[in-house]
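Protein sequences, first through last, are from chains G and H.
Each residue of the first sequence is one higher than the last, beginning at 2 in the working numbering.
Each residue of the second sequence is one higher than the last, beginning at 310 in the working numbering.
Here the structure comes first, spelled out in structure tokens, and everything after it is commentary.
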Amino acid sequence: MKTKPTREGWIEGLLEAAGRNDRIVLLDADVSRSIGGERFADRFPARHFNVGVSEQEMISEAAGLALAGFVPFVQSYAVFCAGRAWEQIRTSVCHMGLGVKIGGAHAGLSAGPDGATHQALEDVAVMRVLPGMTVLVPADSNQTRAAAITAAETEGPFYVRFGRNPVPEIYPEGCRVVPGGADVLREGSDVLLAAAGAMVGVCLDAASMLQASGISAAVVNAYSIKPLASDLLVELASRCGCAVAAMDHQEAGGLFGAVSELMARRCPVPVEPVGVPDSFGESGSPEEVFARFGLTAEGVASAAVRVVSRASR
Amino acid sequence: MEIPDLPNLAARIRLDVLEMIHAAGSGHPGGSLSAVEILVQLFFREMKAGADRDRFILSKGHAAPALYAVMAARGMLPRSELSSLRRLGSRLQGHPDMHRLPGLDSSTGSLGQGFAAAVGLARGLRLSGSSARVYCLLGDGELQEGAVWEAAAGAAHAGLGNIVAIVDCNGVQLDGPVDSIKRQKPASERWLAWGWHALDLDGHSFESLEEAFREARAVSMPVALCARTVKGRGVSFMEGSCAWHGRCPDASELERARGEIGANP
């Protein structure tokens, strides 16, 4: 299967949107080369600002640019934009209701060798508690491209999370995403596998493994963490009677948190996490670090077997 | 617009500030009173109105009572509304909220953020080809926020000649004198070192403010006006006191202050 880093989809979507809308500007904080901002700078030099190693300034200035009528995109490693500048995002962006579009790059365990300081395992948790914020975690490069375009064309603040490393292409070019959307990638009746980001492909593999042992798993790409595709997830979870929520993020506050909150309110079925328990990551290749935390097809399949057993007790 | 008797207007604003805070039961008198002349000069003499109007961001958002009182004096909101400060449902939130009160160019209150947003606004206005200027009022305690200096470096690097930062150097923050907490002197030299044009002035003198803003307009780089002021200015028992950073005057304190300020309504 063809693979491509999701960050490439991000910058391609941004370039496409900026070609159509000359109010789109991009702010970088000295990591434009690793995210792809230099491609934007080459094409739209007057609309690109590199503020240096200054994420708090970047977010606040983006708020100011939005006040001046622009559609500012900002990007950095997810730890630094979503984490370090969180209060700027909370107060200057979300409370003012400004349409700042934040790209959280190298997110989750994709920053593997860089280790714990660079592995954002909390970014979705802290972004999704912000009133008015839309949080998208696309599954592949084409979907990330679509997420950037949707962010550009939709009012309000957006956080789009994407990774550093090549992931399998699941979606065709020209696919679309909508806030509150999710895609059923595989039908099933025994367990719902809800996944986001790099775990979508892993869950598809897990569903094939489960089928061999007689368990029918539905796979949903829940790329819109906020707003969540609540009706769809409730319908599938109630039909299956149990669910797994998989994401390369801390269990708390990530997709597991979002799905569990939903099920507690509307469909009290057991939900099993596949994610990072209350801990930091560590250095290693992305494959090694994913395996270290059980973020593998085998790990998902085990979680599915556990939750099916809990549901039938 | 007819220019009123500015010193008398400043006195009336001071009274409004104390009456608002007294009615609300909480608020920040010290840093509101120190900023009165700066705000009056900005709103009555300095800032350009009209299509390409100048913008103002109160980065020291806790001085909101002074801003609201000046806006009321300028006809931007009914003066009778001042008594609603900090009440549930009021347009006059404890710290400025642009979505509630039209006429505000930004919501503020978390220190350092308003200034960095002002730099972004100046960047955006310049990119739009606008001739509007951005004025931003900060406190000297606020300079302790590192993000202020990130944005100061950003504005200097970009050569933004359309932003003026005014630092209300009243020398006192919540916990005590700024010099005793984390010194920010010499303020103007710090801004100079960051690549800004900077000057010192008397922040309670309209002549001094007039001259400083004139100089700021003549310079084609970002300008910082470091205005020497007195926290709690105009009320003897509040002047220079950190106790009055965020304390509400009771009825007898309000009466004493009224006698000292002595404005003609």
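Think of the CB as a built atom: it goes at the ideal place given N, C-alpha and C, for glycine as much as any other residue.
Please read all numbers here as calculations on a predicted model, not as lab measurements.
Q: Report yes if the CB atom of residue 314 of chain H is closer than 9 Å to the CB atom of residue 374 of chain H, and no otherwise.
A: no
Q.
Distance cutoff 9 Å, beta carbons only. Does residue 71 of chain G sit that close to anything in chain H?
A. yes
Q. Listed in chain order, which residues of the stretch 392-419 of chain H have Cβ atoms closer than 9 Å to some Cβ of chain G?
A. 406, 407, 408, 414, 415, 416, 417, 418, 419
Q: Give the residues of chain G in contact with residue 428 of chain H, contact being defined as C-beta atoms less than 9 Å apart.
A: 58, 61, 62, 65
Q: Go ahead and label residue 252 of chain G buried or exposed: buried means 16 or more other beta carbons lie within 10 angstroms of its beta carbon, across all protein chains shown.
A: buried
Q | Per-residue DSSP class, three states only, for residue 479 of chain H | A | coil
Q) Can you name, in chain order, every residue of its own chain whose Cβ lies under 7 Å from the Cβ of residue 361 of chain H, other than the five neighbours on each side? A) 439, 440, 441
Q: Could you tell me which of G:145, G:59, G:52, G:173 sits nearest to residue 2 of chain G, measuring between CA atoms?
A: G:173
Q: Can you check the stretch 233-260 of chain G for any alpha helix (DSSP H) of at least 4 residues that lies completely inside it and give the ranges in chain order?
A: none
Q.
Relative to the C-alpha of residue 348 of chain H, which candidate in H:519, H:549, H:430, H:494 has its C-alpha closest?
A. H:519
(Q) For the alpha helix (DSSP H) containing residue 90 of chain G, name the first residue and the last one. (A) First-last for residue 90 of chain G: undefined, no H or E at that position.
Q. Can you name the residues of chain H whose CB is closer than 9 Å to the CB of residue 131 of chain G?
A. Going along chain H, no residue has its Cβ under 9 Å from residue 131 of chain G, so there is no contact; the nearest lies around 14 Å.
Q: Taking a Cβ distance cut-off of 7 Å, strictly less, list which residues of the stretch 444-467 of chain H are near chain G, in chain order.
A: 456, 459, 460, 463
Q) Relative to the C-alpha of residue 179 of chain G, which residue among G:45, G:115, G:152, G:11 is closest? A) G:152
**Q.** Residue range of the beta strand (DSSP E) that includes residue 374 of chain H
**A.** Here residue 374 of chain H belongs to no beta strand (DSSP E); instead the alpha helix (DSSP H) covers 373-382.
Q. Buried or exposed: residue 188 of chain G, going by 16 or more other Cβ atoms within 10 Å of its Cβ?
A. exposed
Q.
Relative to the C-alpha of residue 377 of chain H, which candidate in H:497, H:562, H:569, H:404 has its C-alpha closest?
A. H:404
Q. Distance, Cα to Cα, residue 255 of chain G vs residue 138 of chain G?
A. 11 Å
Q. According to a CB-to-CB cut-off of less than 8 Å, which residues of the stretch 84-111 of chain G neighbour chain B?
A. You won't find chain B in this structure, because its protein chains are G and H.
Q: Thinking residue 127 of chain G and residue 83 of chain G are a contact (beta carbons under 8 Å), I'd like their distance in whole angstroms, please.
A: 6 Å
Q | residue 499 of chain H at chain G interface by Cβ criterion, 9 Å | A | no
(Q) Alpha carbons only, please: which of G:310, G:295, G:285 is nearest the one belonging to residue 114 of chain G? (A) G:285
Q) What number of angstroms, rounded off, separates the C-alpha of residue 447 of chain H from the C-alpha of residue 7 of chain G? A) 41 Å
Q. Apart from the five residues just before and just after residue 379 of chain H, which ones in its own chain have a Cβ nearer than 7 Å to its Cβ?
A. 322, 348, 349, 352
**Q.** Own chain partners of residue 193 of chain G with C-beta closer than 6 Å, once the 5 adjacent residues on each side are dropped
**A.** 219, 237, 238, 241, 244
Q) In whole angstroms, what separates the C-alpha of residue 26 of chain G from that of residue 70 of chain G? A) 11 Å
Q. Listing by chain order, which chain G residues have their CB less than 8 Å from the CB of residue 442 of chain H?
A. By Cβ distance, chain G contributes nothing, its closest Cβ being about 13 Å from residue 442 of chain H, past 8 Å.
Q) Mapping DSSP to helix, strand and coil, what is residue 275 of chain G? A) strand
Q: Could you tell me which of G:148, G:99, G:295, G:97 sits nearest to residue 105 of chain G, measuring between CA atoms?
A: G:148
**Q.** Near-chain H residues of the stretch 26-45 of chain G (beta-carbon distance less than 9 Å), N- to C-terminal order
**A.** 26, 28
Q: Kindly say whether residue 21 of chain G, judged by its beta-carbon, lies nearer than 9 Å to any beta-carbon of chain H.
A: no
Q: Could you check how far apart the C-beta atoms of residue 544 of chain H and residue 570 of chain H are, in whole angstroms? I think they sit under 8 Å.
A: 7 Å
Q: Starting from residue 203 of chain G, trace the alpha helix (DSSP H) both ways and give me its first and last residue.
A: 200-213
Q) From H:457, H:435, H:432, H:568, pick the residue whose C-alpha is nearest to that of residue 420 of chain H; which is it? A) H:457
Q. What is the DSSP secondary structure of residue 397 of chain H, reduced to helix, strand or coil?
A. coil
Q) Name the chain G residues whose beta carbon is nearer than 8 Å to that of residue 362 of chain H? A) Those do not exist, as residue 362 of chain H stays about 13 Å from chain G at its closest Cβ, beyond 8 Å.
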